[in-house]
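Number of protein chains: 2
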Amino acid sequence: MLDDVDLRLLALLQQNAKLTIKELAEQLSMTTTPIFERIKRMERDGVIERYVALINAEKVGRPLVVFCNVSMPDYTPENIAEFEETIRQMPDVLDAYHLAGTIDYQLKVVACDIKQYAQFLQQLAKLPMIRVHSSAIALYAVKQSTVVPTTLKS
Amino acid sequence: MLDDVDLRLLALLQQNAKLTIKELAEQLSMTTTPIFERIKRMERDGVIERYVALINAEKVGRPLVVFCNVSMPDYTPENIAEFEETIRQMPDVLDAYHLAGTIDYQLKVVACDIKQYAQFLQQLAKLPMIRVHSSAIALYAVKQSTVVPTTLKS
DNA sequence: TAGGTATATAGAATATTATTCCACTATTTA
DNA sequence: TAAATAGTGGAATAATATTCTATATACCTA
Chain A
38 MLDDVDLRLL ALLQQNAKLT IKELAEQLSM TTTPIFERIK RMERDGVIER YVALINAEKV
98 GRPLVVFCNV SMPDYTPENI AEFEETIRQM PDVLDAYHLA GTIDYQLKVV ACDIKQYAQF
158 LQQLAKLPMI RVHSSAIALY AVKQSTVVPT TLKS
Chain B
38 MLDDVDLRLL ALLQQNAKLT IKELAEQLSM TTTPIFERIK RMERDGVIER YVALINAEKV
98 GRPLVVFCNV SMPDYTPENI AEFEETIRQM PDVLDAYHLA GTIDYQLKVV ACDIKQYAQF
158 LQQLAKLPMI RVHSSAIALY AVKQSTVVPT TLKS
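Going down the list, the protein sequences come from chains A and B. Per my numbering: the first sequence ends with 191, consecutive numbering throughout. Per my numbering: the second sequence ends with 191, consecutive numbering throughout.
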């Protein structure tokens with residue numbers, strides 16, 4: 038479904054979505070027509086999901102990243118659906134993964150400071166279907182990337 | 038440094054970087070000139086770091102997300118610098134945070150399958166300055182967002 | 001109060017880019 | 001061989017970004 042040109046195109050667009058069709062074509066040694074068509078096809082097919090601006094969290098007053106581990110003792114479909122929907126609607130939770138193992142969920146939370154994170158935890162604690170297990174504060178980000186590798190292996 | 042209009046502008050651009058100046062101006066009930074200037078200013082100031090395409094990891098053959106916890110028993114500046122630089126150069130590691138606590142590091146890794154993740158772990162195991170502590174496999178993503186909240190509190 | 005600064009409106013001109021077409025070519029496949 | 005697929009090269013048009021100018025407004029300060 039995706040050939041080598043597609044994958045290299047995705048690599049470029051993941052690094053910089055502002056590259057023009059012309060620049061992309063040059064870097065891939067092709068003309069603009071097929072590049073344009075490939076991009077549109079991948080947008081249509083959902084390979085490219087969206088284009089976004091990445092901003093500096095510190096500069097908008099969110100310097101704190103905390104990983105919050107949560108378990109769900111009563112693991113029912115209703116509890117799962119309700120908890121996950123609640124999480125999706127919390128803007129401070131940037132990422133949330135359902136994990137295999139005893140922890141069940143890991144939430145990546147951004148906060149202004151510890152005090153605000155404490156408030157966040159209180160919100161979580163109100164949810165009856167989960168138990169907050171532990172929080173791990175990030176000292177700093179070693180790496181923060183949105184670039185999914187497109188070449189096989191590494 | 039950032040006023041309310043800036044923050045609302047950032048909220049829009051974080052959702053969809055393809056919005057035109059005109060559309061942004063309309064949504065903020067302003068004219069195009071100040072919107073254009075505000076964006077350029079925030080790009081210059083590093084508030085907006087970059088524009089990227091977000092792609093569907095599954096559709097490029099990376100359906101697996103694993104969180105890998107690593108500790109560094111001999112916590113020296115040299116070991117820290119070397120390990121972190123190694124991590125930055127591993128394309129399968131999308132995110133890496135230095136955590137407060139016993140775990141030290143958490144890596145978010147994307148992989149094609151468990152077999153490839155095993156190979157990744159073997160690569161990590163070669164690094165003499167760290168000890169791989171545990172891996173947590175993500176069953177699925179409840180939420181995946183790059184949108185840092187720009188309004189105070191939540 | 002008067003002047004200066006910063007930021008907005010409104011409109012226009014130009015440059016750049018995206019988007020859509022078309023004719024033609026090369027390669028692969030049925 | 002004929003049809004289908006994907007590319008080249010070029011061109012036309014529409015949409016956008018970018019740069020400017022003139023003017024208005026609010027706010028701060030001397």
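In this text, a Cβ means the ideal position worked out from N, Cα and C, and glycines have one as well.
Check, Outcome
"Can you list the alpha helix (DSSP H) stretches of 4 or more residues lying completely in the region 109 to 177 of chain B, in chain order?", "114 to 125, 151 to 162"
"Take residue 166/A as the anchor and find which of 121/A, 97/A, 99/A has the nearest alpha-carbon.", "121/A"
"Check the C-beta distance from residue 87/B over to residue 53/A and give it rounded, since I have them as a contact under 8 Å.", "7 Å"
"Considering only the alpha carbon of each residue, which of 153/B, 75/B, 59/B, 78/B lies closest to residue 69/B?", "59/B"
"Comparing C-alpha positions only, which one of 45/B, 143/B, 46/B sits nearest to residue 108/B?", "143/B"
"DSSP three-state call for residue 65/B: helix, strand or coil?", "coil"
"Determine the DSSP secondary structure at residue 99/B, reduced to helix, strand or coil.", "coil"
"Hey, quick one: how far does the beta strand (DSSP E) through residue 91/A stretch, first residue to last?", "85 to 92"
"Assuming residue 182/A contacts residue 129/B under a Cβ cut-off of 8 Å, what Cβ separation, rounded to an integer in Å, is found between them?", "Incorrect: roughly 10 Å between the Cβ atoms, too far for contact."
"Just reading off the alpha helix (DSSP H) that residue 48/A is part of, what are its end residues?", "41 to 52"
"By DSSP's criteria, residue 180/A is part of a beta bridge. Which residues make up the other side?", "133/B"
"Relative to the C-alpha of residue 147/A, which candidate in 94/A, 78/A, 47/A has its C-alpha closest?", "94/A"
"In whole angstroms, give me the CA-to-CA distance for residue 105/B and residue 171/B.", "6 Å"
"Note down, in chain order, every chain B residue with its Cβ under 8 Å from the Cβ of residue 132/A.", "178, 180, 181, 182"
"Would you say residue 86/A faces chain B, with C-beta separation under 8 Å as the test?", "yes"
"Would you mind sorting residue 186/A into buried or exposed? The rule is 16 or more other CB atoms within 10 Å of its CB.", "buried"
"Does the distance from the CB of residue 180/A to the CB of residue 125/B come in under 8 Å?", "yes"
"Between the alpha carbons of residue 191/B and residue 119/A, how many angstroms are there, rounded?", "A caution first: residue 191/B carries a pLDDT of 37, below 50, which makes its placement in the model unreliable, though a value can still be read off. Taking the straight line joining both Cα atoms gives about 19 Å."
"How many Å lie between residue 56/A and residue 139/A at the Cα?", "44 Å"
"Report the partner residues of residue 201/B according to the DSSP bridge assignment.", "Residue 201/B falls outside the range modelled here, since chain B spans only 38 to 191, and no answer is possible."
"Mapping DSSP to helix, strand and coil, what is residue 38/B?", "coil"
"Can you pull the chain B residues whose beta carbon is under 8 Å from the beta carbon of residue 53/A, in chain order?", "87, 88, 89"
"Listing by chain order, which chain B residues have their CB less than 7 Å from the CB of residue 92/A?", "47, 51, 84, 85, 86, 185"
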